[in-house]
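I have placed the structure first, in the form of structure tokens, so that the comments after it can refer back to it.
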Amino acid sequence: MIGFLKGMRVTLRQLPKKKVTLQYPDVKPEWPERFRGVHRFIPELCIACNQCARICPTSCISLAGERDENKKMKITTFDINFDICILCDLCTEVCPTEAILMSDTFEMARYSRDDLYLDMHWLYENEQRYEEAHPERVAEKAGRAE
Ligand code: SF4
Ligand code: SF4
């Protein structure tokens, strides 16, 4: 009986306090700007320098590029295997043009491992999702770059 009352005292003390849980998935968490979710990718910024693929500790990035009519390198394929990506952020750190960045996308449950092999179209769509969700962050970053 004493144990029960002690337990109730703890419960009652917590009742008026601010709730820290969310009704996920109806309510999504707001992650901080430096949260390391899966990548977003901006193809027009990529110069196919291969630095991201070279530094990746799990070799999960594969890419190819070609020269355009102005002899400038442009990306033609860019794939990340999220089955083995450890979201370490090294690829975004070395990218000289910030073509690859982390996002706040984290819901990556899939029925097949093959579905975790994502190409640059998916990564670019993730960039567009991020821009729509966080216009203030994108604008602030553009302002810092000017
Ligand atoms: S986050 Fe790390 S493991 Fe994932 S692709 Fe980038 S370098 Fe590779
Ligand atoms: S994403 Fe960045 S580091 Fe990777 S190939 Fe493109 S420009 Fe180079």
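Take the sequence shown: its letter number 52 is residue 34 in this note's numbering, and every next letter is one higher.
Cβ atoms here follow ideal geometry from the backbone N, Cα and C, with glycine treated the same way.
Remember, predicted model here, so these are calculated numbers, not experimental data.
What separation, rounded to the nearest whole angstrom, lies between the Cα atoms of residue i and residue j?
i: Leu4; j: Pro11; result: 7 Å
i: Leu45; j: Asn63; result: 11 Å
i: Glu75; j: Val120; result: 18 Å
i: Asp96; j: Tyr6; result: 27 Å
i: Tyr99; j: Arg22; result: 14 Å
i: Phe88; j: Trp104; result: 14 Å
i: Ala35; j: Met90; result: 21 Å
i: Val(-8); j: Asp8; result: 28 Å
Within its chain, find whatever has a CB closer than 8 Å to the CB of residue i; leave out the 5 residues flanking it on each side and keep chain order.
i: Asp71; result: Arg18, Met84
For residue i, count neighbouring Cβ atoms within 10 angstroms of its own Cβ and tell me buried if that reaches 16, exposed if not.
i: Met(-17); result: exposed
i: Phe60; result: buried
Note to self: Is it the case that the segment 103 to 118 contacts the segment 83 to 94, given that we only count it when at least three CB pairs across the two stretches are under 8 Å?
What the structure shows: Contact holds: three or more Cβ-Cβ distances are below 8 Å.
Note to self: If we require 3 or more residues per run, which beta strand (DSSP E) segments fall completely within the segment -5 to 48?
What the structure shows: Runs found: 21 to 23.
Checklist line | Validate contact between the segment 48 to 67 and the segment 28 to 36 using beta carbons, cut 8 Å, 3 pairs | finding: Because the criterion of three Cβ pairs below 8 Å is met, the segment 48 to 67 and the segment 28 to 36 touch.
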